[in-house]
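This report concerns only the one structure given below.
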Amino acid sequence: MSTRQPLLVDRVAARRFAQRAALRYAHRLDPVAREIESRMAERLALVRLEPHRILDAASGRGTSAEALRRRFPEAQLIALDYAAAALPRPAEDGSLWRRARRLLRTDAMRTAAVCADLAALPIAASSCQMVWANLALGAEHDPMPVFREWHRVLAVGGLLMFSTYGPDTLRELRAAFASVDAVPHVHGFIDMHDLGDMLVAAGFAEPVMDMETLTLTYASVRQLMDDLRETGQLNALAHRRRTLSGRARWQALIDHCERSRQNERSRQNDRFAASVEVVYGLAWKPAPRAAAEGASVIHFERSTRKSGQ
Numbered sequence: 002m003s004t005r006q007p008l009l010v011d012r013v014a015a016r017r018f019a020q021r022a023a024l025r026y027a028h029r030l031d032p033v034a035r036e037i038e039s040r041m042a043e044r045l046a047l048v049r050l051e052p053h054r055i056l057d058a059a060s061g062r063g064t065s066a067e068a069l070r071r072r073f074p075e076a077q078l079i080a081l082d083y084a085a086a087a088l089p090r091p092a093e094d095g096s097l098w099r100r101a102r103r104l105l106r107t108d109a110m111r112t113a114a115v116c117a118d119l120a121a122l123p124i125a126a127s128s129c130q131m132v133w134a135n136l137a138l139g140a141e142h143d144p145m146p147v148f149r150e151w152h153r154v155l156a157v158g159g160l161l162m163f164s165t166y167g168p169d170t171l172r173e174l175r176a177a178f179a180s181v182d183a184v185p186h187v188h189g190f191i192d193m194h195d196l197g198d199m200l201v202a203a204g205f206a207e208p209v210m211d212m213e214t215l216t217l218t219y220a221s222v223r224q225l226m227d228d229l230r231e232t233g234q235l236n237a238l239a240h241r242r243r244t245l246s247g248r249a250r251w252q253a254l255i256d257h258c259e260r261s262r263q264n265e266r267s268r269q270n271d272r273f274a275a276s277v278e279v280v281y282g283l284a285w286k287p288a289p290r291a292a293a294e295g296a297s298v299i300h301f302e303r304s305t306r307k308s309g310q
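Just add 1 to the spot in the sequence shown (first one is 1) and you have our numbering.
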């Protein structure tokens, strides 16, 4: 297991940033999140499971629900997010809300929107057959409480599918800020292998982990920062700078990015590159080996053999 320790996240600030972005930029969908969601959805074709109830953790503004509904039209969906403004609201106008309103009206008895903390789910144990979580762990420096909750709400044989950011995400921006001061400005993310170990420790079986790196390009580092702000992905680290960066520090950051861009110009077409390491995870909830009080669980199967055979 890696010895690298993640930076502590101020979860109250992370929720505030997500709430603010959902209110200010209700028309704005995160293209990176939607692309990763699309790649996750492609894997659903390989899933041999017909869940009765699906928890869509960190559902955002409801686009994951559309993909899940297409694949599992009979399942009840629980769309859950810790920012209330990010949840679908049928009364709102706009194309996004119209899609959500149509979804909720058509499947009113099979769709629920819930605002809650991922580490304290108001959902009964063993009540879901699938947990789907696209980029739900971004504000969790310790995913173990969340993994344990997902394990708790899953029924035996239930499936967890999730994506999250890996440690190389925004490495270019992290290096640029490191050239300016020693204060952390970019979240640290957990290695794929460590996440797999955590899944096993939380009680999951047969975890399958893989990763890929997406490269985004921007006309300037300021455009990247605007993109992060509009999608609520601002610096929510507990030890972040609480004052304005100042004109001189910001200019030093831009100068560093310009020098880096000059070095990479032939490869990045004169644009600022931003790497996004995406980690995908899949795991199952196995039958328990011991009861809650510690007694061993032995499973018997009824024999179909007849007497005398």
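Each residue gets a CB set at the ideal place from its N, CA and C atoms; glycine is no exception.
- Message: Could you give the first and the last residue of the continuous beta strand (DSSP E) run that contains Phe163?
- Response: Leu155 to Tyr166
- Evaluate Gly233 with the Cβ neighbour count: other Cβ atoms within 10 Å of its Cβ, from every protein chain shown; 16 or more gives buried, anything less gives exposed. buried
- Query: Below 8 Å between beta carbons: does that hold for Val154 and Leu56?
  - Reply: yes
- Does the separation of the CB atoms of Leu136 and Ile37 fall below 8 Å? yes
- With a cut-off of 8 Å on the beta carbons, I'd call His142 and Leu235 a contact; round off their distance for me. Between Leu235 and His142 the Cβ distance is about 16 Å, and since that is not below 8 Å, they are no contact.
- Straight-line CA distance for His188 to Arg44? 28 Å
- Task: Could you spell out where the beta strand (DSSP E) holding Thr218 opens and where it closes?
- Result: Ala206 to Tyr219
- Message: Judging by CA-CA distance, which residue of Val280, Met212, Gly204 and Thr214 is the nearest neighbour of Arg290?
- Response: Gly204
- Have a look at the DSSP bridge pairing and note the partners of Tyr281. Ser164 and Asp211
- Query: Are there 16 or more other CB atoms within 10 angstroms of the CB of Arg123, so buried, or fewer, so exposed?
  - Reply: Checking the sequence shown, residue 123 turns out to be Pro, not Arg. Pro123 should be labelled exposed.
- Query: What is the DSSP secondary structure of Val33, counted as helix, strand or coil?
  - Reply: helix
- Message: If you reduce the DSSP assignment to three classes, tell me which class Phe18 lands in.
- Response: helix
- Name the two residues that bound the continuous beta strand (DSSP E) containing Val115. Thr112 to Cys116
- Task: Measure from the alpha carbon of Arg272 to the alpha carbon of each residue in Pro52, Val147 and Glu173, then state which is nearest.
- Result: Glu173
- When you compare each of Leu229, Ala85, Leu30 and Phe163 to Thr64 by their alpha carbons, which one comes out closest? Leu30
- Task: Pick out whichever of Leu171, Asp192 and Ile191 has its Cα sitting closest to the Cα of Met226.
- Result: Leu171
- Task: Determine, using beta carbons only, whether Ala68 and Ala80 come nearer to each other than 8 Å.
- Result: no
- Within 10 angstroms of the Cβ of Arg71, are there 16 or more other Cβ atoms? Answer buried if so, exposed if not. exposed
- Taking just the CA atoms, how far does Leu254 sit from Ala14? 24 Å
- Query: So, using beta-carbon positions, are Glu231 and Ala19 closer together than 8 Å?
  - Reply: no
- Message: According to DSSP, is Ser311 part of a helix, a strand, or is it coil?
- Response: Residue 311 is absent from the model: the chain starts at 2 and stops at 310.
- Message: Does Arg128 come out as helix, strand or coil in the three-state DSSP assignment?
- Response: Arg is not the amino acid found at residue 128; the sequence shown has Ser there. Note: Ser128 maps to coil in three-state DSSP.
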